[in-house]
Amino acid sequence: MIGRDKGSKANKAGARALGSGRGVTYSTSPLLASKTPPWRSRFLVALVGLAFAGLLARAIYVQVLHTEFFQKQGEARYAHTLELPASRGRINDRSGQTLAASVAVPSIWAIPKEVDADADKRRELAKALGLSNKELQAKLNPESRFVWLKRLADDETAAKVKAIGLKGIFQDREYRRKYPEGEAAAHVVGFTNVEDRGQEGIELAFQKELQGRDGSRSVVRDRLGRVVEDIGDVVPAANGSDIDLSVDSKVQFFAYQRIRDAVAANKAKAGSVVVLDVQTGEVLALANFPSYDPGNRQNLSGEQLRNRALTDVFEPGSTMKPFIAGLALETGRVKPETLVDTGNGRYPFQGAVISDTKAHGVITVREVIQMSSNIGTTKLAMQMQPREMHELFTAIGLGQRPQISFPGAVTGKLRPYKTWRPIEQATMSYGYGLSASLFQLARAYTVFARDGEIIPVSMLRQPHDHPVAGIRVFSPSVALELRHMLQAAAGPGGTAPDAQVPGYSVGGKSGTAHKQEGRGYAAHKYRSWFVGVAPISKPRIVVAVMVDEPTAGVYYGGKVAGPVFSQVTAQTLRLLGVAPDLDVKSQIVANQKAVPVEESF
Numbered sequence: 139m140i141g142r143d144k145g146s147k148a149n150k151a152g153a154r155a156l157g158s159g160r161g162v163t164y165s166t167s168p169l170l171a172s173k174t175p176p177w178r179s180r181f182l183v184a185l186v187g188l189a190f191a192g193l194l195a196r197a198i199y200v201q202v203l204h205t206e207f208f209q210k211q212g213e214a215r216y217a218h219t220l221e222l223p224a225s226r227g228r229i230n231d232r233s234g235q236t237l238a239a240s241v242a243v244p245s246i247w248a249i250p251k252e253v254d255a256d257a258d259k260r261r262e263l264a265k266a267l268g269l270s271n272k273e274l275q276a277k278l279n280p281e282s283r284f285v286w287l288k289r290l291a292d293d294e295t296a297a298k299v300k301a302i303g304l305k306g307i308f309q310d311r312e313y314r315r316k317y318p319e320g321e322a323a324a325h326v327v328g329f330t331n332v333e334d335r336g337q338e339g340i341e342l343a344f345q346k347e348l349q350g351r352d353g354s355r356s357v358v359r360d361r362l363g364r365v366v367e368d369i370g371d372v373v374p375a376a377n378g379s380d381i382d383l384s385v386d387s388k389v390q391f392f393a394y395q396r397i398r399d400a401v402a403a404n405k406a407k408a409g410s411v412v413v414l415d416v417q418t419g420e421v422l423a424l425a426n427f428p429s430y431d432p433g434n435r436q437n438l439s440g441e442q443l444r445n446r447a448l449t450d451v452f453e454p455g456s457t458m459k460p461f462i463a464g465l466a467l468e469t470g471r472v473k474p475e476t477l478v479d480t481g482n483g484r485y486p487f488q489g490a491v492i493s494d495t496k497a498h499g500v501i502t503v504r505e506v507i508q509m510s511s512n513i514g515t516t517k518l519a520m521q522m523q524p525r526e527m528h529e530l531f532t533a534i535g536l537g538q539r540p541q542i543s544f545p546g547a548v549t550g551k552l553r554p555y556k557t558w559r560p561i562e563q564a565t566m567s568y569g570y571g572l573s574a575s576l577f578q579l580a581r582a583y584t585v586f587a588r589d590g591e592i593i594p595v596s597m598l599r600q601p602h603d604h605p606v607a608g609i610r611v612f613s614p615s616v617a618l619e620l621r622h623m624l625q626a627a628a629g630p631g632g633t634a635p636d637a638q639v640p641g642y643s644v645g646g647k648s649g650t651a652h653k654q655e656g657r658g659y660a661a662h663k664y665r666s667w668f669v670g671v672a673p674i675s676k677p678r679i680v681v682a683v684m685v686d687e688p689t690a691g692v693y694y695g696g697k698v699a700g701p702v703f704s705q706v707t708a709q710t711l712r713l714l715g716v717a718p719d720l721d722v723k724s725q726i727v728a729n730q731k732a733v734p735v736e737e738s739f
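When we follow this note's numbering, the leftmost residue of the sequence shown carries the number 139, and every step to the right adds one.
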């Protein structure tokens with residue numbers, strides 16, 4: 139009893155002591171009674187000061203020194219700049235018919251980390267896009283922020299993808315080029331890549347004019363990629379300019395068909411046709427076979443892509459003979475009736491033998507061209523200085539790149555005259571030892587069509603009320619005489635009667651040459667061509683045709699290329715509205731009585 143009372147009193151006393159702060163003596167605690175060093179409080183104040191200084195420096199760095207950078211980083215999280223693509227300009231033919239145009243098509247893209255689809259949905263998406271499951275998986279790499287799934291798709295593909303309804307898959311509209319003329323005009327218009335930049339032909343040559351300038355639109359997008367609002371000003375797109383070509387799509391298509399058929403009929407490797415308007419210097423057609431579809435270039439080969447009329451060079455053979463005759467006439471060395479002794483068809487010269495297909499004996503200069511005599515041409519050429527021949531060849535554009543707004547045109551080969559040996563001067567007179575493209579030959583023949591002037595040529599449409607000016611090579615009288623010689627060469631008794639055109643007077647020169655292989659010539663590989671003018675009475679066009687490696691048994695230029703010249707010339711003159719200048723009945727009778735002459739090569 140007494141013990142309980144003492145304990146109770148002690149507990150009560152302790153409670154009273156705890157309930158009153160005045161009853162505690164802090165100085166009796168060793169921890170609380172210790173003195174704090176002055177440096178510690180200063181250190182804490184310094185740390186707080188440094189922290190505030192760091193925050194201040196960071197604020198200045200973010201809000202003053204690099205405000206623009208951080209604003210851009212912030213905007214990148216919600217603001218986007220959408221490109222407003224410019225529409226590429228159209229390529230038109232001379233009458234305004236479209237050869238190349240841009241159409242809007244869907245392009246499908248994704249934000250990979252937002253694509254939420256199970257395996258079945260992904261397989262369905264891959265099938266709609268024409269991709270394998272592995273290819274789709276590689277594209278939808280979660281590390282990527284953006285990926286194209288299918289650019290320049292068709293509407294059917296876009297509809298299938300939209301029907302699947304996957305999150306994170308989006309569609310935009312881009313421009314894709316369409317080429318209505320397909321293979322026929324492929325080597326003229328060329329094509330663009332997926333970025334809509336020109337890669338070949340006119341698309342490449344006039345890239346700057348056609349491409350235009352893209353515009354832009356700044357928008358705010360939500361996390362689903364939807365446009366919420368516009369911010370800033372819209373910069374409108376400036377569409378590209380249209381290009382109006384000199385090419386006539388009807389002439390182009392017909393020329394392509396005829397050279398394609400000739401290559402097939404002669405079992406040849408390739409062929410080309412060039413058609414020039416000699417009044418304006420306009421290129422009316424430039425066709426090659428093999429060709430390709432510019433809108434579908436899968437499995438495209440280099441053989442299809444080559445614009446052979448401009449890029450392939452060859453020894454022009456007998457097509458050079460009229461120029462040598464012209465120079466001999468121009469310098470007064472001969473007249474059309476001057477006699478030339480070609481002997482028995484074999485002419486020993488400088489350790490070599492120059493030959494004709496048969497013995498022509500003594501013939502006139504006019505007949506040298508009509509019968510395509512190598513010996514006669516050689517005897518004319520050897521009256522001249524090498525410098526004279528070189529200047530002539532240079533004047534008609536040989537050894538020089540054609541001045542035309544078109545990629546790929548080549549210079550050909552023409553060596554300096556000081557290096558010529560006599561035998562080389564002789565062979566050059568009938569087209570061996572130098573080289574040119576079919577396009578260069580076609581332009582060279584404008585000398586005969588334009589009364590002795592060679593004219594510049596163009597792929598762009600030219601005004602018809604101002605005929606193009608040329609550079610004089612021969613006098614008008616010599617050019618007229620040469621036209622008559624060409625008419626005889628392409629007529630009855632010449633080397634190319636198959637080049638005749640019903641109702642129209644034509645003149646031209648065929649050529650046949652062995653193909654070069656290494657340092658020599660292939661025994662059974664030939665190039666055959668024909669270059670001519672029509673109508674002879676008042677020339678309007680020059681047509682040049684080349685067939686590479688005919689193997690169907692006939693290889694002479696008059697037989698292989700002559701018929702193509704005839705067909706293309708007839709169609710072109712009719713389309714241009716040129717009136718016939720011959721009586722068809724008398725023309726047929728004359729051709730029936732004639733015996734064609736095989737050309738020398």
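The C-beta atom is built at its ideal place from N, Cα and C for all residues, glycine as well.
Remember, it's a predicted structure, so these values are computed and weren't measured experimentally.
{"query": "For G159, the three-state DSSP class (helix, strand or coil)", "result": "Residue placement at G159 is poorly supported in this model, since its pLDDT is 45, which falls under 50; the coordinates still yield a value, given next. Residue state, collapsed to three classes: helix."}
{"query": "Residues sharing a beta bridge with T236, DSSP", "result": "N230"}
{"query": "Extent of the continuous beta strand (DSSP E) run through Y313", "result": "307-316"}
{"query": "A463 vs V506 beta-carbon contact at 8 Å", "result": "yes"}
{"query": "Cut-off 8 Å between Cβ atoms - residues of its own chain near N271, not counting five sequence neighbours on either side", "result": "R260, R261, A264"}
{"query": "Collapsed DSSP secondary structure at S573 in the structure displayed", "result": "strand"}
{"query": "Close beta carbons around L304, own chain, < 8 Å, minus the five adjacent residues each side", "result": "V253, D254, A255, K259, L263"}
{"query": "R355 in three-state terms, based on DSSP", "result": "strand"}
{"query": "Length of the line joining the Cα atoms of D721 and T710", "result": "19 Å"}
{"query": "Buried versus exposed call for H204 [16 or more other C-beta atoms within 10 Å across all chains shown]", "result": "exposed"}
{"query": "Cβ pair G227, D380 closer than 8 Å", "result": "yes"}
{"query": "Residue from A466, I246, A400 with nearest C-alpha to D292", "result": "I246"}
{"query": "Exposure label - E441; buried when at least 16 CB within 10 Å", "result": "exposed"}
{"query": "Element boundaries [alpha helix (DSSP H), containing I561]", "result": "560-567"}
{"query": "Sufficient close CB pairs (3 or more, under 8 Å) joining the region 666-682 to the region 596-616", "result": "no"}
{"query": "Same chain, Cβ closer than 6 Å to Y430, neighbours up to 5 away in sequence not counted", "result": "A324, L438, Q442"}
{"query": "Stretch-stretch touch, CB-based, cutoff 8 Å, three pairs: the region 338-355 with the region 677-689", "result": "no"}
{"query": "Status (buried if at least 16 other CB within 10 Å, exposed otherwise) for A580", "result": "buried"}
{"query": "Three-way DSSP call (helix, strand, coil) for Y199 in this model", "result": "helix"}
{"query": "Where D254 falls: helix, strand or coil (DSSP)", "result": "coil"}
{"query": "Burial state of F544 (16 or more Cβ within 10 Å)", "result": "buried"}
{"query": "Secondary structure, beta strand (DSSP E): runs of 3+ residues fully inside the region 480-539", "result": "484-487, 490-493, 500-502"}
{"query": "Beta-carbon proximity check, M597 vs P460, cutoff 8 Å", "result": "no"}
{"query": "Straight-line Cα distance separating N426 from R446", "result": "7 Å"}
{"query": "Residue nearest to S410 in terms of C-alpha spacing, selected from L185, Q417, F452", "result": "F452"}
{"query": "Integer-rounded CB distance, given that V671 should sit under 8 Å from G631", "result": "Rounded, the Cβ-Cβ distance is 19 Å, inconsistent with contact."}
{"query": "Within 8 Å, strictly: CB atoms of D382 and R599", "result": "yes"}
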